[in-house]
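Please read the structure below before turning to the comments.
Residue numbers (this note's numbering): 1290 to 1469.
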């Protein structure tokens, strides 16, 4: 009897949820504005362009698989001389700049858009998955540019703390200064 009651409650909740997604005429309401749809499309197109970008027959970015998605990154300059790599619990001192490449809005940097120094721990819950994964691939002294799809960034919700719209592709340029 109890399981039948639970099933009935579940069915009522599902019907209520489905009705809430439509207007009075029974039409499905699109959750995104035209402006948001354009932003989403522009961000997806930017990521795909970077993923396929080539110079002299070589891909510009290396591709790092993270879960079921991919982060793009490339070395800017020389390979670091230290062979060790940071671990998930390492404190990594970086000089970093973050931007929304589609709008070129800087969200991590000083007031002039220059990189800022900070310490990042990859396994900190506040660090996005894409950046965490790339940080663990970088040697001391290396300068990296990474392009992170929304699924490995701030996701499909607006992130108001940094004024990042939903579905935003992110681009970070950073130098690993030191780590322990």
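Cβ atoms here follow ideal geometry from the backbone N, Cα and C, with glycine treated the same way.
What are the uninterrupted segments assigned as alpha helix (DSSP H) that are 4 or more residues long and contained completely in the stretch 1365-1439, given in chain order? With a minimum length of 4 residues, the continuous alpha helix (DSSP H) runs that stay inside the stretch 1365-1439 are 1418-1424.
Assuming residue 1453 and residue 1383 make a contact with CB atoms under 8 Å, what is their CB distance in whole Å? If you number the chain shown from 1, residue 1453 lands on position 164. If you number the chain shown from 1, residue 1383 lands on position 94. About 19 Å; that fails the 8 Å criterion.
Answer yes if the stretch 1366-1374 comes into contact with the stretch 1401-1409, meaning at least three C-beta pairs across the two stretches below 8 Å, and no otherwise. no
Check whether the stretch 1391-1400 and the stretch 1347-1362 are in contact - that is, three or more C-beta pairs closer than 8 Å. no
Own chain residues within Cβ distance below 6 Å of residue 1430, not counting five before or after: Start at 1 with the first residue of the chain shown, and residue 1430 comes out as number 141. Excluding residues within five positions, the ones whose Cβ falls inside 6 Å are 1369.
Under the three-state DSSP convention, the category residue 1443 falls into: For the purposes of this step, residue 1443 is taken as the residue at position 154 of the chain shown. Residue state, collapsed to three classes: coil.
Taking its Cβ as the centre, do 16 or more other Cβ atoms sit within 10 Å of residue 1322, making it buried, or is it exposed? Position 33 of the chain shown, counted from the first residue, corresponds to residue 1322. Burial call: exposed.
Per DSSP, which residues does residue 1325 bridge with? Please list them. Walking along the chain shown from the start, residue 1325 turns up at place 36. Per DSSP, none; premise fails for residue 1325.
Grab me the residues of residue 1388's own chain with a C-beta within less than 7 Å of its C-beta, minus the 5 sequence neighbours each way, in chain order. Here residue 1388 is taken as the residue at index 99 of the chain shown, counted from 1. By the criterion of a C-beta distance shorter than 7 Å, residue 1388 is surrounded in its chain by 1394, 1395, 1396, 1460, once the five residues flanking it on both sides are discounted.
Grouping DSSP H, G and I as helix and E and B as strand, with all else coil, what is residue 1448? Within the chain shown, the letter at position 159 stands for residue 1448. DSSP places residue 1448 in strand when its eight states are reduced to three.
Where does residue 1341 fall in DSSP's three states? Mapped onto the chain shown, residue 1341 falls at position 52. DSSP places residue 1341 in the helix class (H, G or I) of the three-state scheme.
C-alpha gap between residue 1378 and residue 1413, whole angstroms: Your numbering for residue 1378 matches position 89 in the chain shown. Your numbering for residue 1413 matches position 124 in the chain shown. Approximately 8 Å between the Cα atoms of the pair.
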